[in-house]
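These protein sequences, in sequence, are chains A and B. One gets the working numbering by counting positions in the first sequence from 1 and adding 11 to each. One gets the working numbering by counting positions in the second sequence from 1 and adding 11 to each.
Number of protein chains: 2
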Amino acid sequence: MPRAPSTEIPSAGKPHAFAGVFAMLAPQMAALDEFLQAQLESFEPEIRAMVNYCIDTSGKRIRPALVFLSGWKDPRSVSADLVRAAAVVELVHLATLVHDDIMDSADVRRNRRTATREFGPNAAVLLGDALFAHALHLASHFPTTEVCAAVSESTRRVCAGETVQTLRRRSTDLTPADYHRIIDLKTAELFRVSCFLGARLTGSAAGYVEASDRFGRHLGIAYQIYDDLADFFGREDKIGKTLGTDLASGKLTLPLFALMDRLPPFERAALAEEIGGQRPAQPALRLKQMLELGVFDQVECAVRHEVSAARAALAEWPGLPPTQHLLALCDVLLAQVASLRPVG
Amino acid sequence: MPRAPSTEIPSAGKPHAFAGVFAMLAPQMAALDEFLQAQLESFEPEIRAMVNYCIDTSGKRIRPALVFLSGWKDPRSVSADLVRAAAVVELVHLATLVHDDIMDSADVRRNRRTATREFGPNAAVLLGDALFAHALHLASHFPTTEVCAAVSESTRRVCAGETVQTLRRRSTDLTPADYHRIIDLKTAELFRVSCFLGARLTGSAAGYVEASDRFGRHLGIAYQIYDDLADFFGREDKIGKTLGTDLASGKLTLPLFALMDRLPPFERAALAEEIGGQRPAQPALRLKQMLELGVFDQVECAVRHEVSAARAALAEWPGLPPTQHLLALCDVLLAQVASLRPVG
């Protein structure tokens, strides 16, 4: 069964990698939970239980955290605008997860049944739509159309990324450039808009808004590459979902590109057939080859490259309250990647 | 195969019932087509062809027509705001059709293959999302957040209506009140917001904006009841889609409620089992019984009731330019219902 193209930090119920940084966001996250719970009443009674199932607090809430951190003032400040914006990006994200799980026929996410498994794919299509619509509705309650415009554009780009990925599944003529474009759209876009909104809604200087936007985009790309690396090098008990499924579902990710480059022609053709679905995937063999051929180092290097770009975006804003916290996310992500490194 | 819960006027390539009224909208509809075509460039290359497939001009464009007619000034006036609003409601409508067809596994709509059949259900989920997102993006380009707020709220309500209908399919404890609530949400809501936007965006008096809104809602309910009647009494060559499918898919509509009421207990139990899926549907028998038991008259009466309410909404605005054209839609709808009446 193919894995959903998740962008979640490993959890399995344990504190996740970003927990240290996110701990400081307890008041903001509590306000977000309260806000999201209050939204339930806006939904028709039949849909309320389904929405509630989705907005439970077991998610990592990375995108809301980016909103809060990029608009950071001080620990006591809980801005209503940021809470609303955080809810908007989280609802858009939840909607994409609900729809992704339909396409992947995924049974489990975050250690519980997916909405498509719980309510059926038909209800899940509409549930995702309702979450999208409500996100945009919340966005329309800001004084100007700027948030609506930013979020609807991001939503379209996220959908475009997922579409291209779906259309190109099992396609072996995908290039690394295609891969970067897909993850830029499907993951980095929502990271980017989260950082943009956090900075923008707190009345920050235009230069910092642009820097925060750029930071979010590079962090998002780095994060997705990490996630794709974890699909091979993670441990299922840590990740809380089945691993090795990108290969099984014919999704060409950076670790597979790196392996392709390193394999002799005969083996490369065999791997291409696994991706294309002409022969059964051999994830154990491919992981063994990745370990032997130094794939990990190359992919880690790609993460570092994006993290450096994210850090560089903030270089001119060293003293701003958000900066140290956003930079801490970079450190945590790199530590998380390092923890995947095979021993010996 | 269940029929999609379409809200389209019968076409089969021939001029549809509203054609007489819509003929006067040629300049506005041409501007809408041009506007929609220009939107294609906003989509990623891989999605563009799919979007183009959906926004072709074979649809009836009833909702755009409601925008144009409720904001009517004179034949030469083509308001950019109305064109944009018409595009917004049409894209929302197209998105719901794309998602409906996935749920119904529908193969044909408007005499051509559905998007889900043409591109696969996975791509169709995302295509619908992209259409929704783009609609909201266009809505965010008005000076204030009002259009965004109205359209996102409508979208959520349309999704809610579809969800309730999906969840209650094959349920025989649905009441006529449930049925009215479902069609109010899934069909009347978008008719309503179309009429609201047309009136509002042309700077009409608040009283007329409210009247137009109310008109649209009642016309939408009447229209859906007509559509449900046509599912039994229409002719396939006229309708351009398979008939009798509401019964086959276990969807309780007004003609079936009316038949239920008139059948003797034993037959009623059998019909309930057909709706519940415990025994095969017998559409020919049920249509015969509907003809014998006067179901047509009762359903036609329900349409008339809603049309009267729609007309009454405009009673205080007899001299306004839109009024005569909106009222003409009522006449056309009633004539369309009458044309379904069985001969003899």
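Backbone N, C-alpha and C define an ideal beta-carbon position, used for all residues, glycine too. All figures in this text were calculated on a predicted structure; none of them were measured in a lab.
For this session: Anything in chain B within Cβ reach of A:T256, meaning under 8 Å, just list it in chain order.
Result: Position 245 of the first sequence, counting from 1, holds the residue named residue 256 of chain A. Within chain B, no residue has its beta carbon less than 8 Å from that of A:T256; the closest one is some 16 Å off.
For this session: Count the other C-beta atoms from every protein chain shown that fall within 10 angstroms of the C-beta of A:T177, then say buried if there are 16 or more, exposed otherwise.
Result: Position 166 of the first sequence, counting from 1, holds the residue named residue 177 of chain A. By the 10 Å Cβ count, A:T177 comes out buried.
For this session: Kindly give me the distance between the Cβ atoms of B:M61 and B:F143, rounded to whole angstroms, as I take these residues to be in contact under 8 Å.
Result: Residue 61 of chain B sits at position 50 when you count from the first residue of the second sequence. Residue 143 of chain B sits at position 132 when you count from the first residue of the second sequence. A Cβ-Cβ distance of about 14 Å is found for the pair B:M61 and B:F143, leaving them out of contact under the 8 Å criterion.
Problem set entry | Beta-carbon proximity list for A:K99, same chain, < 6 Å, skipping 5 on both sides | Indexing the first sequence from 1 puts residue 99 of chain A at position 88. Looking at the sequence shown, residue 99 of chain A is not Lys but Val. If we look at A:V99 and ignore the five residues flanking it on each side, its Cβ neighbours are A146, L149, A150 and V162.
For this session: Check each candidate in A:V306, A:H152, A:V220 and A:V204 and name the one with the smallest Cα separation from A:R167.
Result: Here the question's residue 167 of chain A lines up with position 156 in the first sequence. Looking from the CA of A:R167, the closest CA among A:V306, A:H152, A:V220 and A:V204 belongs to A:V204.
Problem set entry | Inter-residue Cα distance where the pair is A:F202 and A:H336 | On the first sequence, position 191 is the one that residue 202 of chain A refers to. On the first sequence, position 325 is the one that residue 336 of chain A refers to. Distance between A:F202 and A:H336, taken at the CA atoms: about 15 Å.
Exercise. Can the beta-carbon of A:I236 be found less than 8 Å from the beta-carbon of A:L267?
Worked result: Taking the first sequence and counting its residues from 1, one reaches residue 236 of chain A at position 225. Taking the first sequence and counting its residues from 1, one reaches residue 267 of chain A at position 256. A:I236 is not a Cβ neighbour of A:L267, given a cutoff of 8 Å.
Exercise. Quick one: is A:C312 buried, meaning 16 or more other Cβ sit within 10 Å of its Cβ, or exposed?
Worked result: The residue you call residue 312 of chain A lines up with position 301 of the first sequence. Looking at its Cβ environment, which holds fewer than 16 other Cβ atoms inside 10 Å, A:C312 is exposed.
Problem set entry | A:E55 at chain B interface by Cβ criterion, 8 Å | Numbered from 1 along the first sequence, position 44 holds the residue referred to as residue 55 of chain A. By this cut-off, A:E55 is an interface position.
For this session: With a floor of 4 residues, list each alpha helix (DSSP H) that falls wholly inside the region 164-236 of chain A, ordered by position along the chain.
Result: Listed in chain order, they are 187-194 and 200-212.
Exercise. Does the region 303-317 of chain B come within contact of the region 330-350 of chain A, defined as at least 3 CB pairs closer than 8 Å?
Worked result: Cβ pair count under 8 Å is below three, so no.
Problem set entry | Neighbourhood of A:A199 by C-beta distance below 6 Å, restricted to the same chain and skipping five residues each side | Here residue 199 of chain A refers to the residue found at position 188 of the first sequence. The residues are R228, G231 and I232.
For this session: Just tell me which of A:F226, A:L274 and A:L338 has its CA closest to the CA of A:A324.
Result: On the first sequence, position 313 is the one that residue 324 of chain A refers to. Closest by alpha carbon: A:F226.
Exercise. What span of residues does the alpha helix (DSSP H) with A:S151 cover, start to end?
Worked result: The count along the first sequence starts at 1 and reaches residue 151 of chain A at position 140. From DSSP, A:S151 is part of no alpha helix (DSSP H); its letter is neither H nor E.
Problem set entry | Alpha carbon of B:L351 to alpha carbon of B:D239, nearest angstrom | For the purposes of this step, residue 351 of chain B is taken as the residue at position 340 of the second sequence. For the purposes of this step, residue 239 of chain B is taken as the residue at position 228 of the second sequence. Going by the C-alpha atoms only, they are around 11 Å apart.
Problem set entry | For A:R120, the residue or residues it bridges with in DSSP | As a working mapping, residue 120 of chain A is identified with position 109 in the first sequence. Per DSSP, the beta-bridge partners of A:R120 are A:R123.
Exercise. Is any beta-carbon of chain A found at less than 8 Å from that of B:E164?
Worked result: Reading the second sequence from its first residue, position 153 is the one you call residue 164 of chain B. Residue contact check for B:E164 against chain A: a CB pair falls below 8 Å.
Problem set entry | Closer than 9 Å at the beta carbon, the chain B residues around A:D140 | Working through the first sequence from its first residue, we reach residue 140 of chain A at position 129. In chain order: A106, T107, H110, G139, D140, F143, T166, R167, V169, C170, E173 and T174.
For this session: Compare the C-alpha of B:Q300 against each of B:L274, B:P332, B:L196 and B:P86 and name the closest.
Result: The residue labelled residue 300 of chain B in the question sits at position 289 within the second sequence. Looking at the Cα atoms, B:L274 is the closest of the given residues.
Exercise. Do B:V220 and B:A269 have their C-beta atoms closer together than 8 Å?
Worked result: For the purposes of this step, residue 220 of chain B is taken as residue 209 along the second sequence, with counting starting at 1. For the purposes of this step, residue 269 of chain B is taken as residue 258 along the second sequence, with counting starting at 1. Not a contact, by the Cβ cut-off of 8 Å.
Exercise. Quick one, which of B:Q309, B:L338 and B:L331 has its alpha-carbon nearest B:R322's?
Worked result: Counting from one through the second sequence, the residue named residue 322 of chain B turns up at place 311. Distances from the CA of B:R322 to each of B:Q309, B:L338 and B:L331 were compared; the closest alpha carbon is that of B:L338.
Problem set entry | Presumed contact (8 Å Cβ cut-off) between A:C206 and A:D195, rounded CB distance | As a working mapping, residue 206 of chain A is identified with position 195 in the first sequence. As a working mapping, residue 195 of chain A is identified with position 184 in the first sequence. Contact flag wrong, Cβ pair sits at about 14 Å.
Problem set entry | Euclidean distance between Cα positions of B:R120 and B:T256 | Against the second sequence, residue 120 of chain B aligns to sequence position 109. Against the second sequence, residue 256 of chain B aligns to sequence position 245. B:R120 and B:T256 have their C-alpha atoms roughly 14 Å apart.
Exercise. Contact between the region 90-97 of chain A and the region 83-97 of chain B: three or more CB pairs below 8 Å?
Worked result: In short, these stretches do not touch, since the Cβ pair count stays below three.
Exercise. Using the C-alpha atoms, what's the distance from B:Q48 back to B:R180?
Worked result: Along the second sequence, read from residue 1 onward, the residue named residue 180 of chain B stands at position 169. Along the second sequence, read from residue 1 onward, the residue named residue 48 of chain B stands at position 37. Rounded to the nearest angstrom, the two C-alpha atoms are 37 Å apart.
For this session: State buried or exposed for A:S182, treating a residue as buried only when at least 16 other CB atoms are found within 10 Å of its CB.
Result: Stepping through the first sequence from its first residue, residue 182 of chain A is reached at position 171. A:S182 counts as exposed, since fewer than 16 other C-beta atoms from the protein chains shown sit within 10 angstroms of its C-beta.
Exercise. Counting pairs of beta carbons, one from the region 28-45 of chain A and one from the region 102-116 of chain A, are three or more of them closer than 8 Å?
Worked result: In short, these stretches do not touch, since the Cβ pair count stays below three.
Problem set entry | Within 8 Å, strictly: CB atoms of A:A171 and B:I66 | Here residue 171 of chain A refers to the residue found at position 160 of the first sequence. Here residue 66 of chain B refers to the residue found at position 55 of the second sequence. Contact flag unset, no.
Exercise. For B:I58 and chain A, any beta-carbon pair shorter than 8 Å?
Worked result: Position 47 of the second sequence, counted from the first residue, corresponds to residue 58 of chain B. For B:I58, the answer is yes, since a Cβ of chain A falls inside 8 Å of its Cβ.
Exercise. Does the Cβ of B:L296 have 16 or more other Cβ atoms within 10 Å, making it buried, or fewer, making it exposed?
Worked result: Here the question's residue 296 of chain B lines up with position 285 in the second sequence. Exposed, by the Cβ-count rule.
Exercise. Going straight from the alpha carbon of A:L138 to that of B:A283, what length do you get?
Worked result: Within the first sequence, residue 138 of chain A is the residue found at index 127, counting from 1. Within the second sequence, residue 283 of chain B is the residue found at index 272, counting from 1. Going by the C-alpha atoms only, they are around 28 Å apart.
Exercise. Hey, quick one: how far does the alpha helix (DSSP H) through B:R365 stretch, first residue to last?
Worked result: Any answer about residue 365 of chain B is impossible in this case: the structure gives chain B only from 12 up to 355.
Exercise. Quick one: what's got a C-beta closer than 8 Å to B:A281's C-beta in the same chain, skipping five residues either side?
Worked result: For the purposes of this step, residue 281 of chain B is taken as the residue at position 270 of the second sequence. Scanning its chain for C-beta atoms nearer than 8 Å, with the 5 sequence neighbours on each side dropped, one finds around B:A281 the residues R290, in chain order.
For this session: Identify whether B:G139 lies in helix, strand or coil by the three-state DSSP scheme.
Result: One-based indexing of the second sequence puts residue 139 of chain B at position 128. Assigned with DSSP and collapsed to three states, B:G139 falls in helix.
Exercise. With DSSP run on the structure shown, which of helix, strand or coil describes B:I286?
Worked result: Mapped onto the second sequence, residue 286 of chain B falls at position 275. Of the three classes helix, strand and coil, the one that applies to B:I286 here is helix, per DSSP.
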